[in-house]
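Report on the following structure.
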Amino acid sequence: MMPGLIMIKNFPNRMFAEMAQQTLEIEGIHSIIKAPDYGFPGAAAGGGVDLFSGQGVDLYTSEEDAKKAEELVREQYDGI
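Everything in the sequence shown is counted per the numbering used here, starting at 68 for the first residue and increasing by one.
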């Protein structure tokens, strides 16, 4: 993981994390996803459920964008 990155939210699956990532990109905020299935094509099969670890999928952004990113994600994805 690159230094200076802040985890914004842990999602139950890649689909929700990618939706949130798109929301941030629209607002000009770059983010990255970290998940146990990274590098395994089709690993999130089964409706996008993490079949490997149950850890979910983390969404990260830079320290400078973290506050705005947290607000945007909370507005749209709170409770997920």
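No residue lacks a Cβ here, since even glycine has one placed at the ideal position from N, Cα and C. Here the structure is a predicted model, which is why all the values come from computation and not from measurement.
For the pair I100 and L126, the CB atoms are nearer than the 9 Å cut-off. The criterion of a C-beta distance shorter than 9 Å is satisfied by Q122 and N77. Counted as a single uninterrupted DSSP element, the alpha helix (DSSP H) harbouring I93 occupies residues R81 to I93. Secondary structure note for D132: its alpha helix (DSSP H) is the uninterrupted segment E130 to Y144. Shown here for I73: same chain residues with a beta carbon closer than 7 Å to its own, the five before and five after excluded, namely Y127, T128, E130 and A133 in chain order.
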